[in-house]
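Novice: Below you will find the structure I want to go over with you.
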Amino acid sequence: MHELSIAKSLVELACEHAKIEGAHKVTRISVRLGTESVVMRSLYFCFNSATDGTLCEGAELDIEEIPLSAYCPRCDDAKLLLSRTSFRCPDCGTPTPRILTGREMQLVSLNFQYPDDETVLPPPTNNSTTISGEHHEL
Ligand SMILES: [Zn+2]
85 MHELSIAKSL VELACEHAKI EGAHKVTRIS VRLGTESVVM RSLYFCFNSA
135 TDGTLCEGAE LDIEEIPLSA YCPRCDDAKL LLSRTSFRCP DCGTPTPRIL
185 TGREMQLVSL NFQYPDDETV LPPPTNNSTT ISGEHHEL
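Numbered according to the working numbering, the sequence shown terminates at residue 222, and the numbering increases by one at each position without gaps.
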C-alpha cells in the first residue's frame with residue numbers, strides 16, 4: 085500500500101524531529117504533496133493508523149495539494165493536466181511526458197508540544213536594574 089508507506093515515513097520523520105527538539109508530542113504536520121503521488125483520502129486514513137502509539141498520535145495532518153502539470157512542447161508552455169491517467173495537453177492533445185509538478189512530497193512544517201508548556205517561565209536571573217537615558221555631566 086503506497087499511501088501507508090508515505091504516511092509511515094511522514095510520521096517517522098516528524099517523530100524524529102520531535103525527539104531532536106525535545107518535544108513530547110507532535111500536534112500538526114504540514115506537507116506539500118503532488119496530487120499525482122497519492123490518493124489523498126487514503127493518505128488521511130493511513131495517517132491515522134500510522135500515528136497510533138507514536139509522538140504524532142492525534143496530530144493534525146495539513147496537506148497542501150500540488151496539482152499535476154506538464155510541459156507541452158507544442159504550446160511551449162506548462163499545462164495543468166486534467167487526468168492522472170492521460171498525459172496529454174488539455175488544449176492541443178500533444179503527449180506531455182515531462183511532468184513539472186504534482187509528484188512532490190515535502191515536509192513543510194511541524195508543530196510540537198513541549199512537556200513544560202504549562203509551567204511558568206523561570207524568573208529572570210538578572211536582578212540588577214539598569215537606569216539609562218539620563219546622564220548628568222558636571
Ligand atoms: Zn499543448
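Using N, Cα and C, we set each Cβ at its ideal position, and we do this for glycine too. None of the values given here were measured: they were computed from a predicted structure.
1. Mind checking whether Leu165 and Arg172 have CB atoms under 9 Å apart?
2. Quick check on this structure: which residue in Cys130, Asp175, Ser133 and Ile183 has the alpha carbon closest to the alpha carbon of Ile74?
3. Under 8 Å by Cβ, that's how I've got Thr119 and Gly186 pegged, so tell me the actual separation to the nearest angstrom.
4. Rounded to whole angstroms, what is the Cα-Cα separation between Leu152 and Asp200?
5. Run the proximity test for Thr135: is its beta-carbon closer than 8 Å to any non-hydrogen atom belonging to ligand 1?
6. For the beta strand (DSSP E) holding Tyr128, just list the boundary residues, first then last.
7. Would Leu191 and Val115 be called neighbours here (beta carbons separated by less than 9 Å)?
8. Whose C-alpha, out of Glu188, Ala134 and Tyr155, is nearest the C-alpha of Asp175?
9. Return the chain-ordered list of same chain residues with a C-beta closer than 6 Å to the C-beta of Tyr198, the five sequence neighbours on each side being excluded.
10. First and last residue of the alpha helix (DSSP H) that includes Ala91?
Specialist: To lay it out plainly:
1. As a first step, residue 165 must be located in the sequence shown, where it is residue number 81. As a first step, residue 172 must be located in the sequence shown, where it is residue number 88. Yes, the Cβ-Cβ distance between Leu165 and Arg172 is below 9 Å.
2. The structure shown does not extend to residue 74, since the chain spans only 85 to 222, so no value can be given for it.
3. Here residue 119 corresponds to residue number 35 of the sequence shown, with the count starting at 1. Here residue 186 corresponds to residue number 102 of the sequence shown, with the count starting at 1. A Cβ-Cβ separation of about 6 Å places Thr119 in contact with Gly186 under the 8 Å criterion.
4. Locating residue 152 in the sequence shown gives position 68, where the first residue counts as 1. Locating residue 200 in the sequence shown gives position 116, where the first residue counts as 1. A direct Cα-Cα distance of roughly 43 Å separates Leu152 from Asp200.
5. On the sequence shown, position 51 is the one that residue 135 refers to. Within the chosen limit of 8 Å, ligand 1 does not reach the beta carbon of Thr135 with any heavy atom.
6. By 1-based counting over the sequence shown, the position of residue 128 is 44. Not the beta strand (DSSP E): Tyr128 falls in the alpha helix (DSSP H), residues Met124 to Thr135.
7. For the purposes of this step, residue 191 is identified with residue 107 of the sequence shown, where counting begins at 1. For the purposes of this step, residue 115 is identified with residue 31 of the sequence shown, where counting begins at 1. Cβ atoms of Leu191 and Val115: closer than 9 Å.
8. On the sequence shown, position 91 is the one that residue 175 refers to. When only C-alpha atoms are compared, the closest one is Tyr155.
9. Translated into positions along the sequence shown, residue 198 becomes position 114. Apart from sequence neighbours up to five positions away, the residues of its chain that approach Tyr198 with a beta-carbon distance below 6 Å are Ala107, ordered along the chain.
10. The count along the sequence shown starts at 1 and reaches residue 91 at position 7. His86 to Glu105 is the span of the alpha helix (DSSP H), which, as asked, contains Ala91.
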